[in-house]
Amino acid sequence: MQDRSSADSSSSLTEPANQTKAQQTRRAFLGKVGVAGVVTIAAGISGVQPVLGKSSQDNSDDDVDGGSSRRAECKRIRVEAAQRGFQGTPPNLQHPPNHDEALYPNKLGSYSKGLPHRDDGTVVPSAYAALLRALESGRQNDFNAIPLGGTRRLTNPQCGLAFDMEGADAQALVQQPAPAFASREQAAEISENYWMALLRDVPYSQYSSNPVAAAAAADLTLYGGDFKGSKSGGAITTATLFRGVNSGDNLGPYLSQFFYHQCNFGANNLDQKIRTTVPGVNYMTDFNTWLAVQRGVG
Numbered sequence: 067m068q069d070r071s072s073a074d075s076s077s078s079l080t081e082p083a084n085q086t087k088a089q090q091t092r093r094a095f096l097g098k099v100g101v102a103g104v105v106t107i108a109a110g111i112s113g114v115q116p117v118l119g120k121s122s123q124d125n126s127d128d129d130v131d132g133g134s135s136r137r138a139e140c141k142r143i144r145v146e147a148a149q150r151g152f153q154g155t156p157p158n159l160q161h162p163p164n165h166d167e168a169l170y171p172n173k174l175g176s177y178s179k180g181l182p183h184r185d186d187g188t189v190v191p192s193a194y195a196a197l198l199r200a201l202e203s204g205r206q207n208d209f210n211a212i213p214l215g216g217t218r219r220l221t222n223p224q225c226g227l228a229f230d231m232e233g234a235d236a237q238a239l240v241q242q243p244a245p246a247f248a249s250r251e252q253a254a255e256i257s258e259n260y261w262m263a264l265l266r267d268v269p270y271s272q273y274s275s276n277p278v279a280a281a282a283a284a285d286l287t288l289y290g291g292d293f294k295g296s297k298s299g300g301a302i303t304t305a306t307l308f309r310g311v312n313s314g315d316n317l318g319p320y321l322s323q324f325f326y327h328q329c330n331f332g333a334n335n336l337d338q339k340i341r342t343t344v345p346g347v348n349y350m351t352d353f354n355t356w357l358a359v360q361r362g363v364g
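The numbering of the sequence shown is our numbering, which starts it at 67 and goes up by one.
What follows is the structure in structure tokens.
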């Protein structure tokens, strides 16, 4: 990255006379032959006709008349996959809401992080309306017009509008709505989050003897079926606390043994240790700090 500006600005084809071929860098070589030259060389090696400079008369479309070329087969596979996805998606597919947005005029139960907020913690209505307008229109100008409450920008707000070329369309996949703001299920999820914060610095191996972990398990058990977390015999125990809800999540240690070891990603050796928070240092423990985070203040 350090020599990027110098490499981009040195487009001259001249080089020092004493520079040998062995000393020439890849960038210098590419600068000499140019893009078209590189494509031509690559095409010569691989036996593929260069894309650049292709004759406009070479428009034979063998996939039209049932040709057997690779590009025809590639088109057929993609068209069939797209057709299956199209036919498998109901024309009037609905994504069920939890109705909080209509229930609370101040949008108390809706996501509004990063937008301007009033001093009582509720979102500024015009800012929330601007967010909805952008999501409904999908226009870039409407997204640019969303007011922000601080220096932090929204994280990829248009991702749900993008089209993925692999697999099903994102909006063709339906999931259950989030628990209603005033529901016991939502209260259970919030309780679990608070217990997680209190047990943040306690190793998993100490849960069985830790009084806070025992209190967390007992408290979450009181929610009964409204708490969807992992259970054993209908109850939360220190062995199932904070575990997943998939089959097999209650077996073995909390952390997979595969995450303890270094691994190779191609030629790169990855150390899977992560930098975590400092023990005993807590964040967002008062209303003003929380409000600043809600507003997106850096």
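For every residue, glycine included, the Cβ atom is placed at its ideal position computed from N, Cα and C. Since the model is a prediction, treat every value here as computed from it, not as a measurement.
Asked                                                                                                                                                                         : Found
In the DSSP assignment, find the beta strand (DSSP E) that holds residue 308 and state where it starts and stops.                                                             : Taken as a continuous stretch (DSSP letters only), residue 308 belongs to no beta strand (DSSP E), as it is neither H nor E.
Taking the beta carbon of residue 360 as the centre, do at least 16 other beta carbons fall within 10 Å, making it buried, or is it exposed?                                  : buried
If I follow the unbroken beta strand (DSSP E) through residue 329, where does it start and stop?                                                                              : 329–331
Please list, in chain order, all residues of the same chain as residue 346 whose beta carbon is under 8 Å from its beta carbon, the five residues on each side excluded.      : 267
For a quick check, are the C-beta atoms of residue 211 and residue 193 less than 8 Å apart?                                                                                   : no
Is residue 166 close to chain C, meaning its C-beta is less than 8 Å from at least one C-beta of that chain?                                                                  : The structure shown has no chain C; it contains just one protein chain.
Are there 16 or more other CB atoms within 10 angstroms of the CB of residue 213, so buried, or fewer, so exposed?                                                            : exposed
Between the alpha carbons of residue 252 and residue 163, how many angstroms are there, rounded?                                                                              : 15 Å
Counting C-beta neighbours from all protein chains within 10 Å, is the total for residue 308 16 or more, i.e. buried, or is it exposed?                                       : buried
Using alpha carbons as the reference points, say which of 172, 188, 180, 333 lies closest to residue 221.                                                                     : 180
Classify residue 363 as helix, strand or coil using the three-state DSSP reduction.                                                                                           : coil
Have a look at residue 153 and residue 141 and give me their C-alpha separation to the nearest angstrom.                                                                      : 18 Å
Applying the 10 Å Cβ sphere with the 16-neighbour rule, what's the burial state of residue 83?                                                                                : The predicted model places residue 83 with a pLDDT of 46, which falls under 50 and marks its position as unreliable; any figure quoted below should be read in that light. Exposed is the call here.
Hey, could you find the ends of the beta strand (DSSP E) residue 336 is sitting in?                                                                                           : 334–336
Please determine, among 264, 325, 324, 304, the residue with the shortest C-alpha to C-alpha distance to residue 316.                                                         : 304
Would you tell me roughly how many angstroms separate the C-alpha atoms of residue 353 and residue 231, rounded to the nearest one?                                           : 44 Å
Between residue 201 and residue 242, what straight-line distance do the alpha-carbon atoms span, to the nearest angstrom?                                                     : 20 Å
Measuring straight from C-alpha to C-alpha, what distance separates residue 300 and residue 290?                                                                              : 8 Å
If you scan the segment 158–224 from start to end, which runs of the alpha helix (DSSP H) of 4 or more residues do you find wholly inside it?                                 : 166–169, 191–203, 206–210
Rounded to whole angstroms, how far is the Cβ of residue 336 from the Cβ of residue 328, which I believe are closer than 8 Å?                                                 : 6 Å
Residue range of the alpha helix (DSSP H) that residue 144 falls in?                                                                                                          : 136–154
Evaluate residue 166 with the Cβ neighbour count: other Cβ atoms within 10 Å of its Cβ, from every protein chain shown; 16 or more gives buried, anything less gives exposed. : buried
Where does residue 246 fall in DSSP's three states?                                                                                                                           : coil
Since I believe residue 285 is in contact with residue 257 (beta carbons under 8 Å), could you give me their beta-carbon distance rounded to a whole number of angstroms?     : 6 Å
Between 190, 265, 223, which lies nearest to residue 207 when the distance is taken from Cα to Cα?                                                                            : 223
Residue 239 and residue 204 look like a contact to me (Cβ under 8 Å); what is the Cβ gap, rounded to whole Å?                                                                 : Not really, about 19 Å apart at Cβ, beyond 8 Å.
Quick one, are the C-beta atoms of residue 261 and residue 282 less than 8 Å apart?                                                                                           : yes
Mapping DSSP to helix, strand and coil, what is residue 298?                                                                                                                  : strand
Please report how far the alpha carbon of residue 333 lies from the alpha carbon of residue 357, in whole angstroms.                                                          : 45 Å
Thinking residue 306 and residue 298 are a contact (beta carbons under 8 Å), I'd like their distance in whole angstroms, please.                                              : 5 Å
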